[in-house]
Amino acid sequence: KAGVTQTPRYLIKTRGQQVTLSCSPISGHRSVSWYQQTPGQGLQFLFEYFSETQRNKGNFPGRFSGRQFSNSRSEMNVSTLELGDSALYLCASSLDRDIQETQYFGPGTRLLVL
Amino acid sequence: QQQVKQSPQSLIVQKGGISIINCAYENTAFDYFPWYQQFPGKGPALLIAIRPDVSEKKEGRFTISFNKSAKQFSLHIMDSQPGDSATYFCAASDSWGKLQFGAGTQVVVTP
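Taken in sequence, the protein lines are chains A and B. Under my numbering, the first residue of the first sequence is numbered 1, with each subsequent residue one higher. Under my numbering, the first residue of the second sequence is numbered 115, with each subsequent residue one higher.
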């Protein structure tokens, strides 16, 4: 079974631009969560989607948004990029509605904002 | 504000030794405590998890000890191997499932 895939793996953008990251969960998984990982702040929860609905949201500004499609694939968008948005963005999927089930992480998308 | 405090920040242990990582939390609504292992260039992978109704859980060389009254839990890696060199994260979540991670511990196992 293929794991969680994230595209692109690496991305360089400049301040003020916007970016869209994509996540394909493990086949059959319906919950997708997004996390931001930085050396200073560690792993921080962005949001979680289940069956195309945002179920949980972390403490990030409205510039960070996401969505989930009917096939459970998810995208996150960051508008008006800031230098501080440079990070590894991780997507995790889990099987069903109980988010406390094992979450499987993808390899991440490393975003560098110049 | 970090809801889960993890220590130490880094750890060097000899092959065959025991690695111990500690975490503490304040939110009594947390009821699920997983540990994740992350290698460079990879996403975190679930290692072992515990719920507060048990005080200890063991899987192979990895053991979680849980102290509900002290609101602390720890990971013990027995017989540490060079392949265990990685960053370890403790985490906690309530029934809503939003995982709160500790800051991470970089473990280096020397041959």
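Backbone N, C-alpha and C fix where the C-beta goes; we use that ideal spot for every residue, glycine too.
Annotated three-state conformation of Leu83(A) is helix, per DSSP. Exposed is the label assigned to Phe153(B), since fewer than 16 other Cβ atoms lie within 10 Å of its Cβ. Within the same chain, Leu11, Lys13, Asn77, Val78, Leu81, Leu111 come within 8 Å of Val19(A) by CB-CB distance, once the 5 residues on both sides are set aside. Assignment of Pro196(B) by DSSP, reduced to helix, strand and coil, places it in the helix class. Taking Gln220(B) as the centre and dropping the five residues before and after it, the same chain places the C-beta of Ser124, Thr201 closer than 6 Å to its C-beta, in chain order. Assignment of Pro148(B) by DSSP, reduced to helix, strand and coil, places it in the strand class. Neighbours of Asn56(A) across chain B, judged by C-beta separation under 8 Å: Trp210, Gly211, Lys212. In the structure shown, the three-state DSSP call for Thr20(A) is strand.
Excluding sequence positions up to five before and after Ser169(B), its CB lies within less than 6 Å of the CB of Phe180, all in the same chain and listed in chain order. For secondary structure counted as the beta strand (DSSP E) over 3 or more consecutive residues, the region 29-71 of chain A holds these complete runs in sequence order: 31-38, 42-50, 53-57, 64-68. For Arg73(A), there is no enclosing beta strand (DSSP E), as DSSP marks it with neither H nor E. Going by beta carbons, Ser93(A) and Ile26(A) fall inside the 7 Å limit. Counting of Cβ neighbours within 10 angstroms places Phe69(A) among the exposed residues, the total staying below 16. If you check the CB distance, Tyr35(A) and Ser74(A) do not come in under 7 Å.
Looking at Pro148(B), Val127(B), Ala143(B), the one whose alpha-carbon comes closest to that of Cys137(B) is Pro148(B). Inclusion of Cys204(B) and Gln120(B) in the CB contact set at 7 Å is warranted, their separation being smaller than that value.
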